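To keep things clear, I will list the structure first and then write my remarks on it.
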Amino acid sequence: MLAETTLEARHLIQPLFVTDGDVPEPVASLPGISRIPLASLGTRCAELLLLGVRGVALFPKVDPCRKTAEGAEALNPSALAYRAIREVKAKSPGTVVFADIALDPYTTHGHDGVLDATGADVDNDRTVEALVKMSLLTAQAGADFVAPSDMMDGRVKAIRAGLDACGRHGTGILAYAAKYCSAFYGPFRDAVGSARRPGEGAISKAGYQMNPANRREAVREATLDAAEGADILMVKPAGPYMDIIRDVRESTRLPVAAYQVSGEYAALHAAAAQGWLDLRAVRDESLLGIRRAGADLILTYFAEAWARDQTSG
Ligand code: PBG
Numbered sequence: 051m052l053a054e055t056t057l058e059a060r061h062l063i064q065p066l067f068v069t070d071g072d073v074p075e076p077v078a079s080l081p082g083i084s085r086i087p088l089a090s091l092g093t094r095c096a097e098l099l100l101l102g103v104r105g106v107a108l109f110p111k112v113d114p115c116r117k118t119a120e121g122a123e124a125l126n127p128s129a130l131a132y133r134a135i136r137e138v139k140a141k142s143p144g145t146v147v148f149a150d151i152a153l154d155p156y157t158t159h160g161h162d163g164v165l166d167a168t169g170a171d172v173d174n175d176r177t178v179e180a181l182v183k184m185s186l187l188t189a190q191a192g193a194d195f196v197a198p199s200d201m202m203d204g205r206v207k208a209i210r211a212g213l214d215a216c217g218r219h220g221t222g223i224l225a226y227a228a229k230y231c232s233a234f235y236g237p238f239r240d241a242v243g244s245a246r247r248p249g250e251g252a253i254s255k256a257g258y259q260m261n262p263a264n265r266r267e268a269v270r271e272a273t274l275d276a277a278e279g280a281d282i283l284m285v286k287p288a289g290p291y292m293d294i295i296r297d298v299r300e301s302t303r304l305p306v307a308a309y310q311v312s313g314e315y316a317a318l319h320a321a322a323a324q325g326w327l328d329l330r331a332v333r334d335e336s337l338l339g340i341r342r343a344g345a346d347l348i349l350t351y352f353a354e355a356w357a358r359d360q361t362s363g
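Under this note's numbering, the residues of the sequence shown are numbered 51 to 363, in order.
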């Protein structure tokens with residue numbers, strides 16, 4: 051009777067990896083998660099909808115042969131990402147599609163944008179131009195929300211202007227407003243193939259993602275994205291950044307989302323596999339904690355399993 055926080059299936063968004071291959075491809079570092087063949091993506095979303103999970107966040111695994119330094123495949127209207135959105139909307143029109151906007155699945159170096167002349171950092175403004183074009187293709191494919199996950203400066207304003215100029219007033223923007231330069235993204239990079247190959251050295255996105263030491267800066271970033279026209283503000287990762295979720299919640303009247311990222315999911319699974327933690331209990335507690343911190347919506351790889359457990363009791 052006195053519980054202050056609830057978790058419902060409608061609060062959850064399932065991230066889904068998509069492949070052009072014919073069979074599901076399990077991701078070793080994400081137990082229970084596979085890249086889904088395009089042809090079965092729509093049915094999968096319809097099943098999620100029946101479970102009450104209305105939102106999906108789509109991430110394509112781009113064929114390595116199609117990657118270039120500039121990530122040109124992102125601007126190919128028949129790229130996997132756009133075919134995936136069409137497939138979902140054709141077979142499960144009620145599913146709310148959040149489509150990732152960033153160049154990392156498409157670039158050979160794995161950065162979220164195109165590199166500047168030094169090759170050491172991303173070129174912010176040229177990247178924003180590409181992100182606007184990507185957003186238009188995404189809207190035309192039928193996505194409900196574009197979700198810029200790149201952390202370039204000024205991209206929300208440019209994307210909003212670009213969408214509006216093409217009459218896409220109804221396409222929303224879920225902004226990755228406070229995205230930290232985190233070590234918890236490793237399994238995701240395996241899943242989309244954006245990690246460096248062995249011997250190439252680890253990729254650092256510290257030039258554009260946030261310093262984990264900073265709290266006020268997160269509110270500043272979120273306030274900027276809201277002023278530029280974001281419809282939902284996201285904090286990422288979630289578990290290690292609950293103070294940030296709370297700060298952003300109290301700084302805005304917009305809905306707040308949090309992304310329980312791949313490394314958070316993998317860590318709980320790994321501990322449970324050792325018999326050291328009770329998976330279902332820590333899953334539910336971690337999600338409730340993120341809600342209590344102030345998230346309206348949670349992107350989590352646990353979405354489907356959580357929703358299934360509610361129906362099976
Ligand atoms: C990149 C992107 C990343 C994630 C979502 N979009 C990784 C990165 O910044 O390298 C991570 C999500 C996760 O770890 O679950 N645009």
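Virtual Cβ for every residue (Gly too), placed ideally from N, Cα, C.
Since the structure is predicted, the reported quantities are computational estimates derived from the model, not experimental observations.
Notebook entry, point to check: Secondary structure at V68, three-state DSSP: helix, strand or coil?
Noted result: strand
Note to self: Can you tell me whether Y230 sits near the ligand FAD, meaning its C-beta is under 7 angstroms from at least one heavy atom of the ligand?
What the structure shows: This structure lacks the ligand FAD; its bound ligands are the ligand PBG.
Check: Closer than 7 angstroms: is that where the CB of V311 sits relative to any heavy atom of the ligand PBG?
Finding: Within the cutoff, so yes.
Notebook entry, point to check: Considering only residues of the region 322-351, which uninterrupted beta strand (DSSP E) runs meet the minimum length of 3 residues and lie entirely inside it, listed in chain order?
Noted result: Qualifying beta strand (DSSP E) stretches, in chain order: 347-350.
Item checked: Proximity winner among A59, A53, S79 and S84, relative to L66 (alpha-carbon distances) -> S84
Notebook entry, point to check: How would you call A134, buried or exposed, if buried means at least 16 neighbouring beta carbons within 10 angstroms?
Noted result: buried
Next item on the list: Please determine, among V332, W356, L165 and P198, the residue with the shortest C-alpha to C-alpha distance to S254.
Entry: L165
Check: Could you give the distance in angstroms between the alpha-carbon of Y291 and the alpha-carbon of A343?
Finding: 9 angstroms
Note to self: Quick check on E54: does DSSP put it in helix, strand or coil?
What the structure shows: Three-state result, E54: coil.
Item checked: Bridge partner(s) assigned by DSSP for G222 -> F195
Checklist line | Reduced DSSP secondary structure (H/G/I, E/B, other) of S84 | finding: strand
Next item on the list: Mind reading off the beta-carbon distance from G92 to A140? Whole number of angstroms is fine, and I expect it under 8 angstroms.
Entry: 6 angstroms
Checklist line | From A357, D200, T221 and D175, residue whose alpha carbon lies closest to that of V147 | finding: For the set A357, D200, T221 and D175, the Cα lying nearest the Cα of V147 is the one of T221.
Next item on the list: Kindly identify the DSSP beta-bridge partner or partners of A122.
Entry: DSSP, once it has assigned bridges, lists no residue as partnering A122.
Next item on the list: Using beta-carbon positions only, say whether D203 and N174 come within less than 8 angstroms of one another.
Entry: yes
Notebook entry, point to check: Are A228 and I294 closer than 8 angstroms when you measure CB to CB?
Noted result: yes
Notebook entry, point to check: For A277, which of helix, strand or coil comes out of DSSP?
Noted result: helix
Next item on the list: May I ask you to report which of helix, strand or coil DSSP gives L98?
Entry: helix
Next item on the list: Pick helix, strand or coil for A307, following the three-state DSSP scheme.
Entry: Reduced to three states, the DSSP call for A307 is strand.
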